[in-house]
Amino acid sequence: MWPHSRALDSRDRVRGAAVATTVDPSIFKAYDIRGIVDRTLTEAAARAIGAAFGAEARARGVAEVAVGRDGRLSGPRLAAALIEGIRASGTAVADIGMAATPMVYFAGFHLGSRSGIAITGSHNPPEYNGMKLTLAGDPVYGEGLQRLRSRIEAGELAPAAAPGALRAVDVADAYVARIVGDVKLARTMKIAIDCGNGVAGAIAPRLFRALGCEVIELFCEVDGRFPNHHPDPAHPENLQDLMRALATTDAELGLAFDGDGDRLGVVTKGGHVIYPDRQLMLFARGVLAERPGAEIIFDVKCSRHLAAQIRAAGGRPTMWRTGHSLIKAKLKETGAPLAGEMSGHMFFNDRWYGFDDALYAGARLLELLSRERDPSAALDALPDAVSTPELHVKTAEGENFTLVERLKSEATFDGARDVITIDGVRVEYADGFGLARPSNTTPVVVLRFEADTPQALARIQADFRRALLAVKPDAKLPF
């Protein structure tokens, strides 16, 4: 018998290996699989994806795949269909049940296959669900997802004579023990945590208490209807309850988690949101103190102050493309100890496994801040700038890519010091930057602006307004 596992009875056996031969192509996004349950993402589609993934796993010599799901109401039946498809290929499954996405990644390492599928809709509305996939330690995205789709459409699913084995495994104890064995707080801290009724609520209170914290819980009851607020800490309106808790209690700091526990939000005692690029400044200092000269990776949406902070701490900043799968792949390629992106994904390849894990990132944040007499003051002191949130220009399907390509080839920008085109168009000025990039998940152009002063911000936005209207005169600009 495997440790922390149980054998499943005959009711868990695969009930036939038949799978769909077509799936809605719209569910295969750039970084993961996502769709509306029973409309674009069906149980038949999940079964077919499982069969295709299982066939890929066998081709890569992977014997077992970990499967977990977030707290969405559709999770159990999609998980059952996915598992049935994987097993039909002859590949074994370790079912870890309801778990945060990073716990699925952890299970891959802990159980040895480095392969897993997290069934999650992340921060999307309740009617959505999806999958995040890892195979033999590599994120499956882009061409890898299209390869699964092609397998399904071509019927190249290689059903096995006998189904793969199935075992249920609880990795929660091992996950908490691994983090508590690694992260040491200098003193007890009192924190408030808001899980937005997402799956992080099933593990976060236990983890932070095990680290020695006093914990005030907000919406830690897992409820896939998300009755209190949307589980997305990237938007300040979802942090209002956490801010009130900090204002009315003696908690020192607030942590917020998205629906599947792989993105972190941070709020200070004074109610200030510490956005992920500023979090990354603090993380970089901590990592570089132990690993001077190391490379730190961040996405194109991050503050220009971040690169300066990394250099000041003795590191080498690398700007890269937005997207959790793209950042993970770059991290693996370079061996960098740390990466992060503006959306809140943090990737520690230092003392951890290199996957995005908001729970572990929260623990590492407290490790650093527990050395401070006033953690909120330390966070507030991080360099900041006048900036906008993400702004969106709606386009027709596919038009967002052609619009940005035209900006690359035709636009001129007054006073630009540099134009970076690794992911859209990021224009660096002496006193700020502007960014226009095509979203890989929805038909919009994503804009973001930052500057030293409100006047500089207005000037940079005017420069982008002129450039955007030159290539799309009918664009409805949100600034």
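Residues 1016 to 1494 (this note's numbering) are what the sequence shown spells out, left to right. Every residue, glycine too, gets a C-beta built ideally from N, C-alpha and C.
If you drop the 5 nearest sequence neighbours on each side, which residues of the same chain put their C-beta closer than 6 Å to that of residue i?
i, result
"His-1245", "Asn-1253"
"Pro-1398", "His-1320"
"Gly-1031", "Low confidence applies here, because Gly-1031 scores a pLDDT of 39, under 50, leaving its location unreliable; read the following figure in that light. Correct list: empty, nothing qualifies."
"Leu-1160", "Phe-1043"
"Gly-1269", "Ala-1207, Leu-1257, Leu-1261 and Val-1282"
"Ile-1132", "Val-1082, Met-1146 and Leu-1148"
"Pro-1493", "Leu-1406"
"Arg-1028", "The predicted model places Arg-1028 with a pLDDT of 37, which falls under 50 and marks its position as unreliable; any figure quoted below should be read in that light. Once the five neighbours on either side are set aside, Arg-1028 has no close Cβ partner at all."
"Val-1434", "Val-1442"
"Asp-1197", "Arg-1366"
For residue i, which residues from the same chain have a beta carbon less than 8 Å from its beta carbon, with the 5 sequence-adjacent residues on both sides left out?
i, result
"Thr-1436", "Lys-1423"
"His-1019", "Low confidence applies here, because His-1019 scores a pLDDT of 39, under 50, leaving its location unreliable and the question unanswered by this model."
"Pro-1513", "The requested residue 1513 does not occur in the structure, where the chain is confined to residues 1016 to 1494."
"Gly-1308", "Gly-1329, Gly-1330 and Arg-1331"
"Pro-1488", "none"
"Met-1113", "Gly-1083, Arg-1084, Asp-1085, Gly-1086, Gly-1090, Val-1214, Ala-1217 and Val-1237"
"Thr-1055", "Asp-1039, Ser-1041 and Ile-1042"
From the DSSP secondary-structure annotation, give me the bridge partner or partners of residue i.
i, result
"Val-1281", "Leu-1270"
"Trp-1335", "Asp-1314"
"Val-1038", "Answer by DSSP bridge pairing: none, since Val-1038 is not bridged."
"His-1407", "Val-1461"
"Lys-1147", "Ala-1133"
"Ile-1361", "Reading off the sequence, residue 1361 comes out as Met, not Ile. According to DSSP, Met-1361 bridges with Gly-1355."
"Arg-1049", "Gly-1145"
"Asp-1399", "DSSP output for Asp-1399 lists no bridge partner at all."
"Pro-1307", "DSSP lists no partner for Pro-1307."
"Pro-1291", "None, per the DSSP bridge assignment."
Among the options, whose alpha-carbon lies nearest the alpha-carbon of residue i?
i, options, result
"Ala-1107", "Ile-1048, Ile-1289, Arg-1073 and Asn-1144", "Arg-1073"
"Arg-1102", "Ala-1133, Ala-1070, Tyr-1120 and Gln-1470", "Ala-1070"
"Arg-1474", "Val-1214, Val-1460, Gly-1276 and Ala-1431", "Ala-1431"
"Arg-1481", "Ala-1451, Val-1459, Glu-1465 and Pro-1469", "Ala-1451"
"Ile-1312", "Gly-1301, Arg-1331 and Arg-1300", "Arg-1331"
"Ala-1066", "Gly-1090, Asp-1047 and Leu-1097", "Leu-1097"
"Val-1486", "Ala-1477, Gly-1196 and Val-1419", "Val-1419"
"Val-1119", "Glu-1267, Phe-1370 and Val-1038", "Phe-1370"
"Arg-1293", "Gln-1324, Gly-1090, Gly-1136 and Pro-1307", "Gln-1324"
"Ala-1045", "Leu-1341, Gln-1470 and Glu-1267", "Leu-1341"
"Gly-1227", "Arg-1202, Ala-1344, Asp-1273 and Thr-1263", "Arg-1202"
"Glu-1447", "Asp-1039, Thr-1333, Lys-1316 and Leu-1303", "The sequence given here places Gly at residue 1447; Glu does not occur at that position. The candidate whose alpha carbon is nearest that of Gly-1447 is Lys-1316."
"Ser-1137", "Gly-1449, Pro-1117 and Arg-1164", "Pro-1117"
"Ala-1247", "Ala-1322, Val-1198, Ile-1194 and Asn-1139", "It is worth fixing the name first, because residue 1247 is Asp in this sequence and not Ala. Per the Cα distances, Asn-1139."
"Gly-1211", "Ala-1177, Ala-1249 and Gly-1196", "Ala-1249"
"Leu-1383", "Val-1434, Val-1302 and Lys-1343", "Val-1302"
"Arg-1166", "Val-1237, Val-1038 and Arg-1092", "Val-1038"
"Thr-1264", "Val-1288, Val-1408, Val-1230 and Ala-1215", "Val-1230"
"Ala-1393", "Gly-1285, Pro-1404, Leu-1346 and Ala-1344", "Gly-1285"
"Ala-1192", "Arg-1054, Arg-1306 and His-1125", "His-1125"
"Gly-1076", "Arg-1463, Leu-1056, Gly-1050 and Gly-1152", "Gly-1152"
"Asp-1395", "Thr-1333, Met-1113, Leu-1297 and Leu-1163", "Leu-1297"
"Asn-1415", "Gly-1449, Ser-1128, Val-1288 and Ser-1454", "Ser-1454"
"Ile-1194", "Asp-1467, Thr-1057, Lys-1343 and Tyr-1368", "Tyr-1368"
Under 8 Å, do residue i and residue j count as touching if we go by C-beta distance?
i, j, result
"Thr-1279", "Met-1361", "Checking the displayed sequence, the identity of residue 1279 turns out to be Leu instead of Thr. A contact, by the Cβ cut-off of 8 Å."
"Ala-1115", "Ile-1218", "yes"
"Gly-1413", "Pro-1458", "yes"
"Asp-1365", "Thr-1337", "no"
"Glu-1501", "Val-1401", "With the chain covering 1016 to 1494 only, the question about residue 1501 has no answer from this structure."
"Ala-1081", "Ile-1111", "yes"
"Ser-1385", "Leu-1222", "no"
"Met-1146", "Leu-1381", "no"
"Ala-1373", "Phe-1479", "no"
"Ala-1059", "Gly-1083", "no"
"Gly-1359", "Gly-1274", "no"
"Gly-1100", "Ala-1063", "yes"
"Ala-1477", "Leu-1483", "no"
"Ala-1094", "Ile-1134", "yes"
"Pro-1174", "Ser-1104", "yes"
"Phe-1363", "Arg-1388", "no"
"Ala-1215", "Gly-1170", "no"
"Asn-1144", "Val-1237", "no"
"Pro-1291", "Gly-1355", "yes"
"Arg-1164", "Pro-1040", "yes"
"Ser-1391", "Glu-1267", "yes"
"Val-1408", "Leu-1462", "yes"
Give me, in chain order, the residues of the same chain whose beta-carbon lies closer than 7 Å to that of residue i; leave out the 5 immediate sequence neighbours on both sides.
i, result
"Ala-1299", "Ile-1311, Gln-1324, Ile-1325, Ala-1328, Gly-1330 and Leu-1353"
"Thr-1410", "Leu-1418, Pro-1458, Val-1459 and Val-1460"
"Val-1155", "Leu-1148 and Thr-1149"
"Glu-1232", "Ile-1208 and Pro-1220"
"Ala-1471", "Asp-1446 and Gly-1447"
- Ordered list of beta strand (DSSP E) runs contained in the region 1189 to 1266, each at least 3 residues: 1205 to 1209 and 1229 to 1233
- 4-residue-minimum alpha helix (DSSP H) runs that sit fully inside the region 1432 to 1491, ordered along the chain: 1469 to 1486
- Would you list, in sequence order, the uninterrupted beta strand (DSSP E) runs of no fewer than 3 residues that lie entirely inside the region 1065 to 1139? 1079 to 1084, 1107 to 1113 and 1131 to 1134
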